[in-house]
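Chains as they are written, first to last, in this note's numbering: chain A, 1106 to 1221; chain F, 418 to 530.
Where a beta carbon is used, it is the ideal one built from N, C-alpha and C, also for glycine.
Working notes for the structure below.
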Amino acid sequence: GAVVSQHPSRVICKSGTSVKIECRSLDFQATTMFWYRQFPKQSLMLMATSNEGSKATYEQGVEKDKFLINHASLTLSTLTVTSAHPEDSSFYICSAVDRGVSDGYTFGSGTRLTVV
Amino acid sequence: GESVGLHLPTLSVQEGDNSIINCAYSNSASDYFIWYKQESGKGPQFIIDIRSNMDKRQGQRVTVLLNKTVKHLSLQIAATQPGDSAVYFCAETSTGGGNKLTFGTGTQLKVEL
């Protein structure tokens, strides 16, 4: 079946530094990828929609200059958290659209970001 | 704005009993619904989906019911097992796949031995 690989699974960084998270579709081409953020005991909140070869579409309230998204190929999207602060600590999850699977959405395993 | 929500934040059931997890949605344009299971520290795992032209769909030990009149859907798990313990989310989108999903608030299912 469709597999989405997300790396790293865990990362700890110092406040003020930047962190890059990768999301790869391993056996299919994903023209669209989604990035979610999830705080403890809360739901997944969509941050942005990433389309290959074009600028990402951000949800209301998400700072595009802080959360940089690049979708340069059909199998890779990256999320860079710039100038990270402790309040950015969260679980980040990507999802890639594969129209070949039943529901079309395949999720990565998530990245636990801790900013100290 | 439009949202998808759940009635019960925590559901405790005895092993072997049936579980029912509910979800209310408010977007009348929603026509595709998915139930996901999420274990701690992992991404969501697809369980079952249903389109708006159906009111019931069955899988292995799971059944999803959709009531468009009251904008409500439910997930029924038969013979609940300890491995079913997780957080369950409903999600909706306004077209059949490819568009962004809106997730409900989630229900923590705890299976007691």
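Short CB-CB distance (under 8 Å) between residue i and chain A
i                 : result
Gly514 of chain F : Unreliable placement is indicated for Gly514 of chain F, whose pLDDT of 43 sits below 50; no coordinate value is reported for it.
Lys488 of chain F : no
Pro461 of chain F : yes
Glu419 of chain F : Note that Glu419 of chain F scores 43 on pLDDT, short of 50, meaning its location in the model is unreliable; the coordinates nonetheless yield the value given after this. False, the Cβ-Cβ gap to chain A never drops below 8 Å.
Gly405 of chain F : Since the first residue shown for chain F is 418 and the last is 530, residue 405 of chain F is missing from the structure and cannot be characterised.
His424 of chain F : A caution first: His424 of chain F carries a pLDDT of 44, below 50, which makes its placement in the model unreliable, though a value can still be read off. Not closer than 8 Å to any Cβ of chain A, the Cβ of His424 of chain F fails to qualify, so no.
Gly458 of chain F : yes
Leu483 of chain F : no
Lys517 of chain F : yes
Contact check, residue i vs residue j, beta carbons under 8 Å
i                  : j                  : result
Gln431 of chain F  : Glu529 of chain F  : yes
Leu1181 of chain A : Arg1142 of chain A : no
Glu435 of chain F  : Gln493 of chain F  : Looking at the sequence shown, residue 435 of chain F is not Glu but Asn. Going by C-beta atoms, Asn435 of chain F is nearer than 8 Å to Gln493 of chain F.
Val1124 of chain A : Val1221 of chain A : no
Val1116 of chain A : Gly1213 of chain A : no
Phe1139 of chain A : Leu1131 of chain A : no
Gly460 of chain F  : Arg1217 of chain A : no
Ile437 of chain F  : Ser491 of chain F  : yes
Tyr1163 of chain A : Lys1171 of chain A : no
Ser1114 of chain A : Pro1191 of chain A : no
Range covered by the beta strand (DSSP E) that runs through residue i
i                  : result
Met1152 of chain A : Met1150 to Asn1156
Met1138 of chain A : Thr1137 to Gln1143
Glu529 of chain F  : Thr524 to Glu529
His489 of chain F  : His489 to Ile494
Gln455 of chain F  : Tyr449 to Gln455
Leu1173 of chain A : Phe1172 to Ser1178
Of the residues the options, the one placed nearest residue i, counting alpha carbons only
i                  : options                                       : result
Tyr1215 of chain A : A:Glu1127, A:Asp1170 and A:Gly1106            : According to the sequence displayed, residue 1215 of chain A carries Gly and not Tyr. Of A:Glu1127, A:Asp1170 and A:Gly1106, the residue nearest in Cα terms is A:Glu1127.
Thr1136 of chain A : F:Gln455, F:Asn516 and F:Ile467               : F:Asn516
Thr519 of chain F  : F:Ile437, F:Gly460, F:Tyr449 and F:Leu428     : F:Tyr449
Phe1133 of chain A : A:Ala1107, A:Ser1114, A:Gly1158 and A:Leu1149 : A:Ala1107
Ile1198 of chain A : A:Lys1119, A:Thr1122, A:Phe1144 and A:Gly1121 : A:Phe1144
Ser1159 of chain A : A:Ser1195, A:Asn1175, A:Leu1149 and A:Lys1171 : A:Asn1175
Gly500 of chain F  : F:Glu456, F:Ser447 and F:Gln477               : F:Glu456
Val1273 of chain A : A:Thr1183, A:Ser1194 and A:Leu1179            : Chain A is shown from 1106 up to 1221; residue 1273 of chain A falls before or after that span and cannot be answered.
Ala495 of chain F  : F:Thr427, F:Pro426 and F:Gly433               : F:Gly433
Ala503 of chain F  : F:Phe463, F:Ser445 and F:Tyr442               : F:Phe463
Thr1122 of chain A : A:Thr1211, A:Ser1200, A:Ser1194 and A:Ala1189 : A:Ala1189
Ser445 of chain F  : F:Gly523, F:Lys488 and F:Leu526               : F:Lys488
Beta carbon proximity, residue i to chain F, threshold 8 Å
i                  : result
Arg1129 of chain A : no
Phe1144 of chain A : no
Leu1060 of chain A : What is shown of chain A runs 1106 to 1221, which leaves residue 1060 of chain A out entirely.
Tyr1210 of chain A : yes
Thr1180 of chain A : no
Ile1126 of chain A : no
Residue i: CB within 7 Å of a non-hydrogen atom of the ligand HEM
i                  : result
Arg1142 of chain A : Annotation note on the ligand HEM: not contained in the displayed structure, which lists no ligands.
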